[in-house]
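Working notes for the structure below.
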Amino acid sequence: MALNSKVPKGPIKDKWTDYKNHIDLVNPANKRNIDIIVVGTGLAGGSACATLAELGYNVKAFAYQDSPRRAHSIAAQGGINAAKNYQGDGDSTYRLFYDTVKGGDYRSREANVYRLAEVSANIIDQCVAQGVPFARDYGGLLDNRSFGGVLVSRTFYAKGQTGQQLLLGAYSAMNRQIARGKIEMFNRHEMLDVVKVDGKARGIIARNLITGEIERHSAHAVVIASGGYGNVYFLSTNAMGSNATAAWKIHKKGAYFANPCYTQIHPTCIPRSGDYQSKLTLMSESLRNDGRIWVPKNMDDVKAIREGRKKPTDLSEDERDYYLERRYPAFGNLVPRDVASRAAKERCDAGYGVNATGEAVYLDFKSAIERYGREQAKIHGIDNPSEAKIYELGQAIVEEKYGNLFQMYEKIVDQNPYKTPMMIYPATHYTMGGVWVDYNLMTTVDGLYCIGEANFSDHGANRLGASALMQGLADGYFVLPYTIGDYLSGDIRTGKIPTDTKEFDEAENEVKSRIDFFINNKGEHSVDYYHKKLGKIMWEKCGMSRNEKGLKEAMSEIKELREDFWKNVTVPGNADEMNPELEKAGRVADFLELGELFAKDALERNESCGGHFREESVELDGEQKGEAKRNDKDFAFVSAWEYKGEPADAVLHKEELEFNDIELKQRSYK
Amino acid sequence: MNLTLKVWRQKDESSKGRMVDYKVTDISEHMSFLEMMDVLNEQLINTGEEPVAFDHDCREGICGMCSMYINGEAHGPDRGVTTCQLHMRMFKDGDTITIEPFRAAAFPVIKDLVVDRSSFERIQQAGGYISVNTSGNTQDANAIPISKHAADEAMDAATCIGCGACVATCKNSSAMLFVGAKVSQYALLPQGQVEAADRVKNMVAQMDLEGFGNCTNTGACEIECPKGISLENIARMNRELMKATFK
Ligand SMILES: Cc1cc2nc3c(=O)[nH]c(=O)nc-3n(C[C@H](O)[C@H](O)[C@H](O)COP(=O)(O)OP(=O)(O)OC[C@H]3O[C@@H](n4cnc5c(N)ncnc54)[C@H](O)[C@@H]3O)c2cc1C
Ligand code: SF4
Ligand code: FES
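Order-wise, the sequence lines are chains A and B.
Per this note's numbering, the first sequence starts with residue 1, numbered consecutively.
Per this note's numbering, the second sequence starts with residue 1001, numbered consecutively.
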């Protein structure tokens, strides 16, 4: 099937308006007769549910947690972007569009990103009206902060809990519709397959996670908003339940999967401390504004530190290698996420990691504390302040800026980061790849939509901070409600979709036989055993830097692991009860397929771009020597994979990317 | 560390539960409490037993899902944290640890340590929102200035993660801290004032209907709340309710 992005014609700034002027509308009386299923109630799904119900459709919403409020979106810390230009610092729709396309290393779809920038301002209005308590300045107006990779202050925030507050806002809008009966909420339900009738998505099969019952639900359209697949790495900053199942199941039923190898590795996470570890905790990127990153220059010092004979504070400045400042004098510690992550890994691979596992670098606030301390002493008119006084004054400033993060670090690591440098290491964070969608956010299956982190369209090969929340809410509140109406206008006479048909029978049988297999296969290894092994292969061979040999190995190792899984996995308990191990088994089975496609996609993309560094594609000389080398001539496309059975047999379709409003340029941080 | 765990096992809502003893060995003090539970579960799976079901997701103290009652305290002995943020360094080698589900009539046990907190959802559906159309045609966000103080205070109330520790720890199983936090967030902001009276009345009525007890000002909820929600929110809710009733 040829890919058609359905991007409207005309100048970029008029596309969305013209589009809205010409789509077919559904009369309110007819909306009452139309059902929509939304899988996932994070920011993307929650906002979509609320708006679709507001418009008059009947919405059935599904989430695996016990409440929409617990979706992974709750964890987002830093903020949400919007081109409001409240600060008068030159922001505009175009500038937000430009920053996002450039930040994504020119691998996103221009028209989608422009629309995102265009509706971004509405998001803030909407959320404020819902009672989201964004930070305010003393004049009572909204406050903004700045984030990496941009030159304006356009990030709105609610302390370090922006995702939480935005989600609670969307959830309250949902609650209003649940109370009115327009949304039927299915908590603790997991979608396990999509049902197609005459080529159109017409329902899902879900498991009630409390009773184990397998249920059929029908609708005129199905929307997937199930979040990202970062947990394919086992260790990540994602919530434990985050998974790829919904996205993967629709892929198997005909939805193309785009750019699976685009993963964001976030540079400032708390390192792993042992093999028992279950997840990694993110420390906001804003810390790099004041922290300096280093490892010891000499191997002897590394050893001494690891063995506890020396403390980092024992090393003088010239015994330290401030490697980011050394390699990137212009940007220093503020290089983008992909560059900072790779540089940390390079030092640790060379043996300079500072913790027991050898996977940590220092993030040091000493200079900042001293600098702020001296400044404060001046402001307070203290002559010849003692070192202790300087430290005290400086610490107060750092505490004001990052107090909650320092506290979180101390809780986890049991070290005081005001006194000794923090240890950080990169971790898998956000997946830019996902289900392929056209301009309407529809997948390659009719009537099947995908929004939020689960789709692929807006971030290219690297996502800028504070843009994921923006995309989720833009899709749910402002884009999907229009585009889905255009499709549903053809369904006003269809009537209820029956669930007692052979299509539902087949899908249900498939789901049931898989569950039966897990329960009856008395193997010898737990699900986690396989998940951890997969994570290790992914991290080592499909992680921050990749090469042909490693990727080929990864493909065959994952395949082998998958075969072993289907022979030797064990799942205790029964199918007709709450059974968390059974839930995990299904999710890991899907990761074991997705992982292989991931490696195949990375192998195919023989260029370095965004968070994805291909060792064969580096700048060989000039100022950029040793840096990632993008190849626009051969790779300015989206890879969209069609399922053909084994992941290795997937067929590649290319959506060529057009850039009419932005010039493709090299990114340099020297 | 080597530990003895006394864990509540219960097949489903209608079955009778009981405490079962388990031993875990080689626990690192750097583990979180939930990672220690992972070790226990891995051990149970390897010996063919059913692992202990417990709720969790974000594992960074923000989703409100994890909910254990440890040694007689909601979320265990550390202050201001959820169970996923509780670290094993709070315990000593050889300790015996008692682990139970949150207990309250309005939170029935689903299995082992998992309880049903959907009563919280229904309270919010009774009015915990602002009736604004989600069409994108709302006025500009800066059209109504809000004082920094009010915004910060609303934010403090809004940080409640809906974990239910306040209920679990209260001798009356009262949900007043949770509901107070919700009511306060909206009471402190100009948006949605037109429906303020109905909101508080409906939420409180639903809270009573769900079978939560009354507040007798013991203050245990405030002490156990992982997000530092203060009793002031209960007082504000009561004031709002008075205002609404005698309007
Ligand atoms: C620690 C952290 C900090 C972050 N900080 C920021 C930030 O500051 N700014 C920013 O812009 N972004 C940030 N992000 C990224 C951002 O939070 C996410 O990309 C975004 O919230 C994803 O939203 P979503 O609605 O697409 O998915 P999610 O919020 O993950 O929601 C997924 C939903 O799908 C449901 N679901 C999944 N599978 C199934 C199934 N099979 N059946 C039924 N239901 C299912 C879940 O129950 C859930 O409701 C951060 C991410 C993390 C991890
Ligand atoms: S008030 Fe505190 S203890 Fe109660 S639900 Fe909210 S966060 Fe949990
Ligand atoms: S798992 Fe989310 S708060 Fe503990």
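Glycine included, C-beta positions come from ideal geometry on N, C-alpha and C.
Only a predicted model underlies this, so the values are computations on that prediction, with no experimental measurement involved.
Residue i versus residue j: straight-line alpha-carbon distance, rounded
i	j	result
L1086/B	N112/A	43 Å
V1114/B	Y322/A	48 Å
A1181/B	S1118/B	17 Å
M191/A	T211/A	15 Å
R306/A	A356/A	6 Å
D300/A	I293/A	19 Å
N1142/B	N1002/B	57 Å
D516/A	V1020/B	29 Å
L209/A	G1064/B	19 Å
T1216/B	P1108/B	23 Å
L469/A	K303/A	42 Å
I1123/B	V1179/B	8 Å
G146/A	G78/A	Contrary to the premise, residue 146/A reads as Ser rather than Gly in this sequence. S146/A and G78/A: Cα-Cα distance of roughly 10 Å.
Residue range of the beta strand (DSSP E) that includes residue i
i	result
A61/A	N58 to F62
M1019/B	R1018 to V1024
L488/A	Taken as a continuous stretch (DSSP letters only), L488/A belongs to no beta strand (DSSP E), being part of the alpha helix (DSSP H) at L480 to L488.
Q264/A	T263 to C269
Y1069/B	M1068 to I1070
C1084/B	Here C1084/B belongs to no beta strand (DSSP E), and DSSP marks it neither H nor E.
C1221/B	Here C1221/B belongs to no beta strand (DSSP E); instead the alpha helix (DSSP H) covers A1220 to E1224.
D35/A	D35 to V39
Residue i: contacting residues in chain B (beta-carbon distance under 9 Å)
i	result
P572/A	L1044, I1045, G1048, E1049, E1050 and P1051
Y138/A	S1147 and K1148
Run of the alpha helix (DSSP H) containing residue i, from where it starts to where it stops
i	result
R374/A	K366 to I379
A580/A	This sequence places Pro at residue 580/A; Ala is not what is there. Run containing P580/A: P580 to E604, per the alpha helix (DSSP H) assignment.
I397/A	E387 to V413
S1118/B	S1118 to Q1125
E215/A	Here E215/A belongs to no alpha helix (DSSP H); instead the beta strand (DSSP E) covers I214 to S218.
E1100/B	Counting along the chain, E1100/B falls outside any alpha helix (DSSP H), though it belongs to the beta strand (DSSP E) covering T1096 to P1101.
Contacts that residue i makes with chain B (C-beta to C-beta distance below 8 Å)
i	result
G230/A	Under the 8 Å cutoff, chain B gives no residues; its nearest Cβ is about 13 Å from G230/A.
M240/A	H1056, D1057, C1058 and R1059
E577/A	K1011, D1012 and K1111
G314/A	Per the sequence shown, residue 314/A should be read as Asp rather than Gly. Neighbours of D314/A on chain B: none; closest Cβ ~23 Å, over 8 Å.
Proximity test, Cβ basis, 7 Å: residue i and chain A
i	result
N1238/B	no
H1030/B	yes
P1145/B	yes
G1162/B	yes
V1194/B	no
N1172/B	no
E1073/B	no
D1140/B	yes
E1121/B	yes
Chain B contact residues for residue i, given Cβ-Cβ distances below 7 Å
i	result
F478/A	G1136
Y86/A	N1142
Interface partners of residue i on chain A, CB under 9 Å
i	result
Q1085/B	M408, K411 and I412
G1064/B	S67, R69, R70 and I74
Within chain A, partners of residue i - CB distance below 8 Å
i	result
C1166/B	Those do not exist, as C1166/B stays about 16 Å from chain A at its closest Cβ, beyond 8 Å.
L1189/B	G131 and P133
Which residues DSSP lists as bridging residue i, in chain order
i	result
I1229/B	The partner list for I1229/B (beta bridge, DSSP) is empty, contrary to what the question assumes.
H189/A	N208/A
F637/A	E656/A
A158/A	Per DSSP, none; premise fails for A158/A.
L257/A	The identity of residue 257/A in the sequence shown is Phe, whereas the question assumes Leu. F257/A pairs with V435/A and W641/A.
Below-7 Å beta-carbon distance, residue i vs any chain B residue
i	result
S92/A	no
T41/A	no
E54/A	yes
G274/A	yes
S172/A	yes
G452/A	no
S526/A	yes
N122/A	yes
Chain A residues whose Cβ lies nearer than 7 Å to that of residue i
i	result
M1155/B	P133, A158 and K159
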